[in-house]
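A.B. asks: Everything in the sequence shown is counted per our numbering, starting at 289 for the first residue and increasing by one.
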Amino acid sequence: MKLTQSGAKEAVLSALDVSIPPAVRREVVDEGKTGGYPDALIVEENIAKGRLKTAGLSLRRTGESALLVGGEKEVLGLYLEGRFDAVASDDSRFLKKMESLNVPYLTAAACIAYLSISGRAGRKNALDLLEKLRRHISDDEYSVVRLFLEGKT
Numbered sequence: 289m290k291l292t293q294s295g296a297k298e299a300v301l302s303a304l305d306v307s308i309p310p311a312v313r314r315e316v317v318d319e320g321k322t323g324g325y326p327d328a329l330i331v332e333e334n335i336a337k338g339r340l341k342t343a344g345l346s347l348r349r350t351g352e353s354a355l356l357v358g359g360e361k362e363v364l365g366l367y368l369e370g371r372f373d374a375v376a377s378d379d380s381r382f383l384k385k386m387e388s389l390n391v392p393y394l395t396a397a398a399c400i401a402y403l404s405i406s407g408r409a410g411r412k413n414a415l416d417l418l419e420k421l422r423r424h425i426s427d428d429e430y431s432v433v434r435l436f437l438e439g440k441t
């Protein structure tokens, strides 16, 4: 949602293969529309246009997934099936759980850094996107990614 709010979502979806499990789709789109969240309509549109995919999974029971519920459990399940290189989220609580399980993850700011690394966004464009994201992320994350984008790391 942070990427949507900062205006970076389109660039990230064009640069990365992004999929969500069915429970995340229900939580974000169906429940979001019921709750009146405008992001729900944007996510639904991205699914309809094929920019964002829904990935089914065979719910593999693991001790790790017992720590999670709903969409978070399915996100971990997709990763554990070996179909994805990392998970992405803007939920710091969820990311701390992923870190404790040694699951690689991307934050919204890391996605913007990737846009620059991959050549999908020039440095100035990436810095502009990061600036729009700034109010949604920690000062530490902002500073680290800014220094990286400026070539100071």
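Just so it is clear, CB atoms sit at the ideal spot from N, CA and C, and this is done for glycine as well.
1) I335 by DSSP, collapsed to three states: which one?
2) Taking the alpha helix (DSSP H) that Y430 falls in, what are its first and last residues?
3) Which parts of the region 348–429 are runs of the alpha helix (DSSP H), unbroken and 4 residues or longer, counting only runs that do not cross its ends?
4) Rounded to whole angstroms, what's the CA-CA distance from L435 to L418? Just pull it up for me.
5) Using a Cβ distance threshold of 8 Å, determine whether the region 359–377 contacts the region 329–340, with at least three qualifying pairs required.
6) Starting from E319 and walking both ways along the alpha helix (DSSP H), at which residues does that stretch end?
7) To which residues of the same chain is A374 closer than 6 Å at the C-beta, ignoring the five residues directly before and after it?
8) Work out the CA separation of V433 and G323 for me, nearest whole Å.
C.D. replies: Looking at the atomic coordinates:
1) In the structure shown, I335 sits in a helix (DSSP, three-state: H, G or I).
2) Residues D427 to L437.
3) DSSP runs (the alpha helix (DSSP H)) wholly in the region 348–429: 358–368, 380–388, 396–405 and 411–421.
4) Approximately 11 Å, taken between the alpha carbons.
5) The region 329–340 and the region 359–377 do not touch, with fewer than three beta-carbon pairs separated by less than 8 Å.
6) Start and end: E319 to T322.
7) Counting only residues of its own chain and dropping the five nearest sequence neighbours on each side, A374 has a CB closer than 6 Å to the CB of P392, Y393 and L394.
8) Between the C-alpha atoms of G323 and V433 there is a straight-line separation of about 33 Å.
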